[in-house]
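The structure appears right after this line, and notes come after that.
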DNA sequence: CGAGGGCTTGAATCCTGTCAACAGACGTGG
DNA sequence: CCACGTCTGTTGACAGGATTCAAGCCCTCG
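In structure tokens, the structure reads:
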């Protein structure tokens, strides 16, 4: 066997394990054999490029997807060509959990930049989770986590003003990048201002204004897509502070 | 055996089956034996009254809850005594799915009126879903459905104005009541204006104003907690119409 | 080099929150 | 049974924040 080919194959394999399996197995005590079985059903597709679809709204649901590198946005398209951005997905994050119920996708997913995505055929995964209780539990946790995340977003959109929304967005991005070993305060946005605004329920102009305001206040440096968070603590204070005041007092009966 | 007691016991049992099991087994082809096994682990507690807790934020996660009759609100309390209402739960709906991930509750749940609630110990349920693939699939669907629902709320809070939010709230309520065989256009609200506003991200005053506005326009009749939707179609038009315009056009690259 | 899209900035408008006052329902206790 | 206080809900006036409309800049790409 060609040694070069072997190395390359193993490299891909290891990268995938670090990512897909970390997402699915996280703190669970899967045996090496079980990990291997899970690894076996994961498909590695060729890299996708900006604008490529992972899936489109209405398509039959077949697989879950895990971002290996790059980034993906999910959005609900409307008839008129408008859209509602539902989320931005960074490496290590899973996509498609909302499609299980109706057995077809209720949103579309497109990659924002050249990305490597792992595909996990869901029926295969289900067969596995039936045999591996700890994997099943991990699946429940993943789904539950997604609900918890949406709950956070609910809070964000329901009660936060523009500054608090953008600050939350940036801090969230920062933390997620850090978790993947990337710089938490110096990164490039793969999405446009328009998409950020759409996601946060704000007009493009507002997003732009808040960015400049934050820059004037010395919280960050922004040059087009390039963002440097110079005062992460201050941004976190905006997020935190608003969490307390945001909701109105309501005295229990 | 006392015939009276037998009847009473069986009645409770049937009612529970119609509710809890309908939620969990919905269209799945569970065998009678499997249904029986599921039924065995469901606890029927005594009725709860307004203000009673199902669970509090921070408590260890043990069970899922299914509303049999009455209604429940879930909310995330903050240190200052404020709260963010996360949802209102009507008969047939399940509560607690967001607690699986962290193994403790991240929100509190209190009943809004005298209610009967079924309790399903989660570890018992997990053991069952391991043995019954169709039940496992149903659990995935339930969790996935919750995500889909949150997605809808995201859309609501991100892009809708006050009228659209309240209209959506009322139409949603109407449909869910109808699904349970109750009147879709004549019902009593078990939650206060304050709670509605909190849930929809609006001030109490705004909720009140929109109610009167809707009444002036002949869409509904409202007298305190009593609501009659006299023009459900118009309300649905407000919901639908906004879904199309709400999101801004965004041309794909 | 020109066209177009993404981004920024300014001015005006509108919606919604805040503050404030009040009416009605409810519960308690005299 | 009524007085009282409390809580909920309604309504009005006002201010502030975000959207909308409009214009212009800069970068990218054909």
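Protein chains in written order, with the working numbering: chain B, 1 to 253; chain R, 254 to 506. Every residue, glycine too, gets a C-beta built ideally from N, C-alpha and C. What you are looking at is a predicted structure, and each value in this text was computed from that prediction instead of being measured.
Smallest Cα separation from residue i: which of the options?
i, options, result
"residue 367(R)", "302(R), 316(R), 295(R)", "302(R)"
"residue 422(R)", "310(R), 383(R), 339(R), 319(R)", "339(R)"
"residue 260(B)", "88(B), 185(B), 38(B), 40(B)", "The structure shown does not extend to residue 260(B), since chain B spans only 1 to 253, so no value can be given for it."
"residue 254(B)", "335(R), 419(R), 475(R), 407(R)", "The requested residue 254(B) does not occur in the structure, where chain B is confined to residues 1 to 253."
"residue 97(B)", "128(B), 65(B), 42(B)", "65(B)"
"residue 43(B)", "56(B), 51(B), 62(B), 218(B)", "62(B)"
"residue 40(B)", "186(B), 125(B), 236(B)", "125(B)"
"residue 77(B)", "57(B), 93(B), 161(B), 67(B)", "57(B)"
"residue 166(B)", "183(B), 199(B), 93(B)", "199(B)"
"residue 416(R)", "429(R), 430(R), 467(R), 401(R)", "467(R)"
"residue 447(R)", "363(R), 476(R), 337(R), 374(R)", "337(R)"
"residue 430(R)", "344(R), 385(R), 287(R)", "344(R)"
"residue 491(R)", "470(R), 474(R), 481(R)", "470(R)"
"residue 364(R)", "299(R), 353(R), 440(R)", "299(R)"
"residue 304(R)", "398(R), 361(R), 473(R)", "361(R)"
"residue 231(B)", "225(B), 127(B), 186(B)", "186(B)"
"residue 189(B)", "147(B), 72(B), 103(B)", "72(B)"
"residue 400(R)", "102(B), 209(B), 31(B), 119(B)", "102(B)"
"residue 159(B)", "240(B), 69(B), 75(B)", "240(B)"
"residue 70(B)", "99(B), 161(B), 118(B), 100(B)", "118(B)"
"residue 312(R)", "286(R), 358(R), 290(R), 369(R)", "358(R)"
Bridge partners of residue i, per DSSP?
i, result
"residue 187(B)", "227(B)"
"residue 121(B)", "63(B)"
"residue 75(B)", "85(B), 108(B)"
"residue 294(R)", "Paired residues: none, contrary to the question."
"residue 431(R)", "Paired residues: none, contrary to the question."
"residue 475(R)", "480(R)"
"residue 69(B)", "116(B)"
"residue 353(R)", "Residue 353(R) pairs with nothing; no bridge assigned."
"residue 53(B)", "110(B)"
"residue 48(B)", "115(B)"
"residue 348(R)", "318(R)"
At least one CB of chain R closer than 8 Å to the CB of residue i: is that the case?
i, result
"residue 143(B)", "yes"
"residue 188(B)", "no"
"residue 137(B)", "yes"
"residue 76(B)", "yes"
"residue 140(B)", "yes"
"residue 148(B)", "yes"
"residue 231(B)", "no"
"residue 97(B)", "yes"
"residue 47(B)", "no"
"residue 86(B)", "yes"
"residue 184(B)", "no"
"residue 240(B)", "no"
"residue 11(B)", "Low local confidence applies: a pLDDT of 46 at residue 11(B) is under 50, so the model's placement there is unreliable, and no value is given."
Distance cutoff 8 Å, beta carbons only. Does residue i sit that close to anything in chain B?
i, result
"residue 459(R)", "no"
"residue 280(R)", "Its pLDDT being 49, under 50, residue 280(R) is placed unreliably in this model, and the coordinates cannot settle the point."
"residue 312(R)", "no"
"residue 490(R)", "no"
"residue 354(R)", "yes"
"residue 305(R)", "no"
"residue 426(R)", "no"
"residue 386(R)", "yes"
Cβ of residue i versus every heavy atom of the ligand GTP: is any distance shorter than 7 Å?
i, result
"residue 132(B)", "Questions concerning the ligand GTP fall outside what the structure shown contains, since it holds no ligand whatsoever."
Self-check item: Contact residues within the stretch 357–384 of chain R, judged by C-beta distance below 9 Å to chain B
Solution: Contact residues of the stretch 357–384 of chain R toward chain B are 359, 360, 363, 375, 379, 380, 382, 383, 384 (C-beta to C-beta distance below 9 Å).
Practice problem: Give the residues from the stretch 150–171 of chain B that approach chain R closer than 8 Å (Cβ to any Cβ), ordered along the chain. | Solution: Correct list: 150, 151, 153, 154, 155, 157, 158, 159.
Self-check item: chain R contacts made by the stretch 200–229 of chain B, where a contact means CB separation under 9 Å
Solution: Listed by position along the chain: 200, 201, 202, 203, 204.
Quiz item: Which residue spans inside the stretch 126–160 of chain B form an unbroken beta strand (DSSP E) run of at least 3?
Solution: Correct list: empty.
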